[in-house]
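The sequence shown begins at 50 in our numbering and counts up by one.
Built from N, CA and C at the ideal position, the CB exists for glycine as well.
All values reported here derive from a predicted model rather than from experimental measurement.
Single-structure report; data block below.
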Amino acid sequence: MMTGTLDLRRLADLASRSAAQARRVGQPLLRGLFFSPADDVVFPRKSLAVVLEKGRLSVALGSVLFSRVTVRGVRDYPFAAGKFPEPEETATSLVLAANELRAARPGVTLIIPKSWAVVTTTEFPATIRENIAEVVAYELDRITPFSADDAYYDFAVLKETAGRLTLLVMAARADAVKPYIRALNEKGFTVERLTVGLAGIGTLCQRTAGSRDSLVLIADDTGYEAGLFAGGLPVQTSSGNFPPGGEAVMVEAINTELEAFVEQAKKQGYNPTVFALLKDARPTLAELFKLKVRMPVQMLTAAQAGVSSSPSSGGIPFAAAGGLLQSLWPKSRGLNLLRKGLEPRRKVPVALTILLLCCLAGLWIFYMVAPLRFEERRITEISRQIASRKDEVRKVEAMKKEADAVSAEVGLINGFKQDKAMTINLLRELTTILPKTTWLTRTRITETTVELEGYASAATELLPKLEASQYFKKVEFASPTFRDARMNADRFMIKMEIRGAKKNEEKPKEEKPKSEKK
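In structure tokens form, the structure reads like this:
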């Protein structure tokens, strides 16, 4: 029984390892197959960040290409000291900035002051993970001073330990923000993201520190604000004013706040990288801080976070740079209060997959059709060649017929020469072998025989001479010879055959079958 249990465990472990390995191998393949040419990594996009501050409105235009965020331009508009810009003033200033920056109404990230929002953490049982958005909406009035209907809010899971989920919840009263959104919409702008300045600076830290925790101290001539960030999300915040007493007292207050904050973060299990951001501060305060700080601190800059700027952009507001990062950087974990905890469903990009399938279909069609097209072209070319050479073929055929006719005639002549001795040759032979005292009165030459009639002083002497010739054989007298007294010579008639001569015998006619005989 124990052995069977161990085997099952081994099989389960093997299956688990195989599945994990398959996921590691398959995920890059799936990302490649479902890659979209409009993916955030390669597709250029633009965004406007609007930062609301007391006595000031900042507008920054940014773009992203290959995950590189660039600030194209910045505009600052001053307002009454100690007051935030009104909604109509904000919308009018944004129209002016968009025209000056030549921005064709891109999406807008509205960055509100931290004092307008509540940032807190809470815990829930891990069993709510499946419907966590509904639970947060139901419990929001317990977690924050606002209900779900009266607030813009968002949340993120910070960690999960011992069956408990630790959530970061950020919420802002809707009545304070809606007038700004409405005024921007009336001017043709679409607010795509709502966040606070401190969260944007946390995104800068996330890009700079990577996966490490970070602690940021933001200070100016009047006070400071500190935030502890885990993965770019604000876990804990603190703020205060500097006591009177000059720059040395301010630096000492900063050191005290940093030490206390770091100690508290370590107790909570964080080991943050410390950043300092001195904005709108006197240069002497920054130099004194660098000399008197009692722990390793990095001065936070936009360039460290991979945010570059065009030559005409001037200084980059850090809150605006962080807001642009939240909008344009695909790996940003920044909260968007407009979502109310609902993650937008992203369509699986199938453009590349469809493109590959179309290419495969095209290759298959080409594979099936190309041989037929090739053969058709080949047949067409052969037909064209044949048509162009028809006249030549006719001439060749005519010449071949003429050559065959000439060959037949030559063959006939050669056959005639081989089968029959030439008459002239026979006459020349007779002239050569017959004595001078012999003359002929008649010579008859047929296909196979020669007959001679004439007179000779001694006719019997002629037979041996004719028999010795290469042309004649079977030489004999055709009739008895007699002595002609008047001519004083023997009259003779000789008959002989021609050597090698063949008689052309007519083929006997085929008898018709008895059935055909009448």
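query	result
Three-pair Cβ contact test at 8 Å for the region 238-249 versus the region 201-221	yes
Reference P529, options R535, I543, Y520, N537, closest by Cα	I543
DSSP-derived helix/strand/coil call for F291	coil
Cβ shell of N180 (< 8 Å), same chain only, five flanking positions each side left out	none
Per-residue DSSP class, three states only, for G237	coil
Host beta strand (DSSP E) of Y187 (start-end)	Run containing Y187: none in the beta strand (DSSP E); it sits in the alpha helix (DSSP H), 181-192.
Cβ pair count under 8 Å reaching 3, the region 309-325 against the region 277-291	yes
Nearest to S96 (by Cα), restricted to the options E441, I160, A419, L489	I160
Exposed unless 16 or more other CB atoms sit within 10 angstroms - verdict on T257	buried
Best match in M545, T480, T322, E188 for proximity to L512 [C-alpha to C-alpha]	M545
Residue interval of the alpha helix (DSSP H) (run including K339)	332-341
Residue-chain proximity (S196, chain D), Cβ-Cβ < 8 Å	Looking for chain D here will not work: only one protein chain is present.
Limits of the beta strand (DSSP E) - the one that L217 falls within	213-222
Beta carbon of A182 nearer than 8 Å to that of G390	yes
Status (buried if at least 16 other CB within 10 Å, exposed otherwise) for D440	exposed
As assigned by DSSP and simplified to three states, the class of F195	coil
Cutoff 6 Å; reference S107; Cβ partners in own chain excluding five residues on either side	V100, D125, P366, A369
Cβ neighbour criterion (16 or more within 10 Å) applied to F531	exposed
Y229 burial status per 10 Å Cβ neighbour count (16 or more: buried)	buried
Three-state class that DSSP yields for W378 in the structure shown	coil
First through last residue of the alpha helix (DSSP H) which encompasses R256	246-258
Cβ contact (3+ pairs, closer than 8 Å) linking the region 186-199 and the region 370-381	no
Three-way DSSP call (helix, strand, coil) for G363 in this model	Because the pLDDT of G363 is 48, which lies under 50, any placement of that residue in the model is unreliable, and the question is left without a value.
Assumed close pair K264, V323 - CB separation to whole angstroms, cut-off 8 Å	Inspection of the sequence shows that residue 264 is occupied by Leu rather than by Lys. Contact holds; Cβ gap of about 5 Å.
Within 8 Å, strictly: CB atoms of K514 and R548	no
Backbone CA spacing between S361 and S142 [nearest angstrom]	Low confidence applies here, because S361 scores a pLDDT of 49, under 50, leaving its location unreliable; read the following figure in that light. Taking the straight line from one Cα to the other gives about 19 Å.
Which of helix, strand or coil DSSP assigns to K227	helix
Local conformation of M299 per DSSP, three classes	helix
Residues bridged to D125 [DSSP beta-bridge criterion]	S107
Residue nearest to T176 in terms of C-alpha spacing, selected from A153, I435, V184	V184
Start-to-end residues for the beta strand (DSSP E) that takes in T540	In the sequence as presented, Thr is not what sits at residue 540; that position holds Arg. From DSSP, the beta strand (DSSP E) with R540 extends over 538-547.
Euclidean distance between Cα positions of G363 and E149	Per-residue confidence for G363 stands at a pLDDT of 48, beneath the threshold of 50, marking its modelled position as unreliable; no derived number is given.
Proximity below 8 Å, CB of P162 to CB of E102	yes
Extent of the continuous beta strand (DSSP E) run through T573	For the chain, the structure presents residues 50 to 567; residue 573 sits outside this window and is missing.
Neighbourhood of A232 by C-beta distance below 8 Å, restricted to the same chain and skipping five residues each side	P136, E137, T139, A140
A517 to I482 span [Cα, whole Å]	9 Å
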